[in-house]
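2 protein chains.
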Amino acid sequence: MTPPTWRTATDGLTAIRTGDLTSEALMRECLQRVAAREPDVAAWQYLDERRALEEARRRDSSASQGPLHGMPVAVKDLFSTHDMPTGCGSAIYADHRPASDAAVVALLRRAGGIVMGKTVTTEFAFYSPGGTRNPHDLERTPGGSSSGSAAAVADGMVPWALGTQTAGSIIRPASYCGVVGYKPTYGLINTAGLKPAAWSLDTVGVFARNVPDVGRLAGVLSGRDLAPSWPATHLPRVGLCLTPQWEAATADTEQALQEAVMCIRDAGGEVHNVRLPASFDELLAAQHTIMIYEACRSLAFERDRHGDQLSSQLKALLDEGSGVPAVRYDQARQTARGCRAELGRVFMDIDVLLAPSAPGEAPAHAAGTGDPVFSRIWTLLGTPCVNVPGLTGASGMPVGVQLIGPRDGDLATLSIAEWLFSRLNGG
Amino acid sequence: MTPPTWRTATDGLTAIRTGDLTSEALMRECLQRVAAREPDVAAWQYLDERRALEEARRRDSSASQGPLHGMPVAVKDLFSTHDMPTGCGSAIYADHRPASDAAVVALLRRAGGIVMGKTVTTEFAFYSPGGTRNPHDLERTPGGSSSGSAAAVADGMVPWALGTQTAGSIIRPASYCGVVGYKPTYGLINTAGLKPAAWSLDTVGVFARNVPDVGRLAGVLSGRDLAPSWPATHLPRVGLCLTPQWEAATADTEQALQEAVMCIRDAGGEVHNVRLPASFDELLAAQHTIMIYEACRSLAFERDRHGDQLSSQLKALLDEGSGVPAVRYDQARQTARGCRAELGRVFMDIDVLLAPSAPGEAPAHAAGTGDPVFSRIWTLLGTPCVNVPGLTGASGMPVGVQLIGPRDGDLATLSIAEWLFSRLNGG
């Protein structure tokens, strides 16, 4: 596969606005790509071509022009849609038709966007994979849990996709698929109508092929200005952070980080080594404890009534969660609170952290969806995270690097991500 | 109406366990009370007698005995139930049948509890009332939004009910109806399957006719030991807190607080006057800002697709929310964060705060569901709150007082509530 050369969301939007393109024509471009590639990639859980085109024509003939006017968006099949099935990656909900749209679905439609279809998620956003393949190498996983969203954007089937992250479900697939993945600060985008996995971790985010595109969609969904703009006169101060999980990094990730560091320094940015406080060593285990404690309650109905339709992997995880006493959960939350309070000190002299997005290139499809090890602690801390693509590993597969900002520092984080993206990708 | 003399949940549970009572017989007692009073009180949105009895018989013949074995529980009609309609107090969802049970519904069923039926909520837990009347005076409101849950428990129709609080939807109706209402620390009970109003405020809680009963049900739902037990050798240190909203208190509430203070002092407890830091003056406005900012996004689908079925009151509130810029929302969250950080100092020399639950006796039914003014700031702070009943106003209507503990201090707060309850109610 050649690198993505498809229209960016911003280009599409501009072309529609100026009349150079119709929503219908753009939708046909996307559907053509789907027709050619979906049999191999299997990114979509639900996609009705006729209906997507109808919706595009309806937008073309509509007088009102919202900020996403006429643009197709893929929606992870963990978000409720009142007019499309919502399966959550589980046979339990194979034919489920929710009564309403999730908040983000309603908001993107209000803005003139079109739900092109629903993309494959792992089972309830945990580890049991759907059938999606990595568009760069069909023998590899696209990552998960937002498998279809990352793959569809990477393969040029759609300019934008919605995802969620509870452990590493946005950053990891974005890294494996070579696209921009943006996990905002916890709570920035409303989760109403999202099937909950673990309430204090579940975060809604966005995939696109460049940084301004993720900022534009997330901006509409959150009611904020997230258009990246880093003043040319300021050179970013970056903290290189190997994280307590560094031993999980392969040579490919090590190499990608080194290249990113060189790129930043070549462009005049500062890079300092940052060692996280010792208390951050506890965060990985704390994230797991919190996730399984909350998940075994969120999914109590499915566990009790449809246990035979759950994967053995998920059952084991929920069983483990049931065994966690409240006191251990409270200790984990206490650890997280303590580290959140220390974040101010971590970011004292730097604008963002630079860290691995994933252990390396996407592993084999048969081996699962890869390891969220490099995202877990940031999800728990609630910080904004961006996967910046542009580098590759030994096999030529994408290997992203992750920029992490302080909580509520989303705009600056996206702005530095754009600064780095444009340099890594010859902008 | 005479004060409630019905079986408490704990008594019912013990009688079933020892074989002195069957679940079916208890359910018949409850249904008899419903038959006699429901035409006046109108607490239930959905109740199928035949089915409730069947479920009770099924429990009676079941070998497994969970901690809520055979006990009826009323569920606010804002929680999803896979086998009963879930209307959320709105015509939009009049016939809605969710595909799954909310987490709390599944957990109470797992524990052997029986969902007796669904209780009336105001429209999406905001201000537009259902038809429920206050069982102590049918011309008055039971309060809201958990109107049917508070009224059903107060009227002896059911020993337990689930509610939610986003502004003052548990404490206020508990005060108006003369029952114990317990709003736990934010996040203590899982909200999966609850129709979201405002994600950073929505809190699941419990109604019962005494304190051990709320502790028992909340304990099962949260996986914690919440059985109140205040050591006889320790006398509670109580901070009398008039709150920045004191001007909203009527003479009835002033009198109730004075009586509670005398009762505490008579029993040997300490009462100190506590003045909240000046920054707490901002919390009331901050709670409103956060609530409407989040609600207009949570309910985006209903607003866009079913706007004609929303009350004008709710429409106005959502319109107001749409007008709140993100920067104002962020300021409100910053205010809340700052005050949460100061809570440690507030609770330095006291175990709990004593504050009004509501402005006074329940107002006329025609005037709405009353004012949540005395709960808003605590909901935003995320502290555990308990309405302790036992006092009355000039018309003989119940007037509760509120005990507030530090975040995660639920057990101690419930324990002191039990200490006070037993003294106020001649225990």
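Chains A and B supply the protein sequences, listed in that same order. Going by UniProt numbering, the first residue of the first sequence is number 1, and it counts up by one from there. Going by UniProt numbering, the first residue of the second sequence is number 1, and it counts up by one from there. Don't be surprised by glycine CBs; every beta carbon is placed ideally from N, CA and C.
For a cut-off of 8 Å, the C-beta gap from valine 346 of chain B to valine 274 of chain B is around 7 Å, short enough to register as a contact. Proline 228 of chain B carries a coil assignment under DSSP once its states are collapsed to helix, strand and coil. Collapsing the DSSP output to three states places methionine 27 of chain B in a helix. Under the three-state reduction of DSSP, alanine 15 of chain A is assigned to helix. Out of A/Leu53, A/Gly112, A/Lys76 and A/Gly187, the CA that lies nearest to the CA of aspartate 408 of chain A is found in A/Gly187. Counting along the chain, proline 389 of chain A sits inside no beta strand (DSSP E), nor does DSSP assign it H or E at all. Against chain A, the beta carbon of aspartate 11 of chain B has no neighbour under 9 Å; the closest one sits roughly 27 Å away. Listed as beta-bridge partners of phenylalanine 79 of chain A by DSSP are A/Leu194.
When the Cα atoms are used, proline 212 of chain B and glutamate 302 of chain B turn out to be separated by approximately 39 Å. One alpha carbon belongs to arginine 110 of chain A, the other to proline 398 of chain A, and they sit about 34 Å apart. Against glutamate 294 of chain A, the close residues of chain B are Asn190, in the order they occur along the chain (beta-carbon pairs closer than 7 Å). The beta carbon of alanine 417 of chain B sits closer than 6 Å to those of Val211, Val386, Val388 and Leu403, all from its chain and outside the five residues before and after it, given in chain order. Taking a beta-carbon distance threshold of 7 Å, histidine 96 of chain B counts as an interface residue toward chain A.
Contact of aspartate 83 of chain A with chain B is not assigned, every C-beta pair being separated by 7 Å or more. Contact of phenylalanine 301 of chain B with chain A is assigned, a C-beta pair being separated by under 7 Å. In its chain, beyond the 5 residues on either side, Pro244, Gln245, Val373, Arg376 and Ile377 have a beta carbon closer than 8 Å to the beta carbon of leucine 284 of chain A.
Per DSSP, the continuous beta strand (DSSP E) segment holding isoleucine 114 of chain B begins and ends at 114–119. Contact between alanine 362 of chain B and glycine 370 of chain B is confirmed by a C-beta separation of about 6 Å, below the 8 Å threshold.
Contact annotation: alanine 256 of chain A and leucine 194 of chain A have beta-carbon atoms that are not nearer than 7 Å. At a cut-off of 7 Å between beta carbons, arginine 237 of chain A makes no contact with chain B. Contact check for aspartate 77 of chain A and lysine 118 of chain A: beta-carbon distance about 4 Å, within the 8 Å limit, so the pair qualifies.
The beta carbon of glutamine 65 of chain B sits closer than 8 Å to the beta carbons of Arg17 and Gly112 from its chain, once the five residues preceding and following it are set aside; these are given in chain order. If you draw a straight line from the Cα of alanine 99 of chain B to the Cα of leucine 68 of chain A, it comes to about 31 Å. As summarised for the stretch 317–391 of chain B, the continuous beta strand (DSSP E) elements at least 3 residues long and confined to that stretch are 352–356, given in chain order. Chain-ordered, the chain B residues with CB closer than 7 Å to the CB of aspartate 101 of chain A read Phe301. By the 16-neighbour rule on beta-carbons within 10 angstroms, glutamine 45 of chain B is buried. For isoleucine 290 of chain B, the enclosing alpha helix (DSSP H) starts and ends at 283–298. Between arginine 33 of chain A and aspartate 155 of chain A, the alpha-carbon positions lie close to 8 Å from each other. Chain B has a Cβ within less than 7 Å of the Cβ of proline 196 of chain A. Chain B has no Cβ within less than 7 Å of the Cβ of alanine 218 of chain A. In the DSSP annotation of this structure, the continuous segment of the beta strand (DSSP E) that includes arginine 237 of chain B starts and ends at 237–240. The alpha-carbon separation between alanine 341 of chain B and leucine 381 of chain B amounts to approximately 10 Å. DSSP places glutamine 245 of chain B outside both helix and strand once states are collapsed to three, so it counts as coil.
What arginine 110 of chain B touches in chain A, judged by beta-carbon distance under 8 Å, is Ala300 and Asp304, going in chain order. Between alanine 249 of chain A and glycine 360 of chain A, the alpha-carbon positions lie close to 7 Å from each other.
Burial of histidine 136 of chain A is indicated by the presence of at least 16 other C-beta atoms within 10 angstroms of its C-beta.
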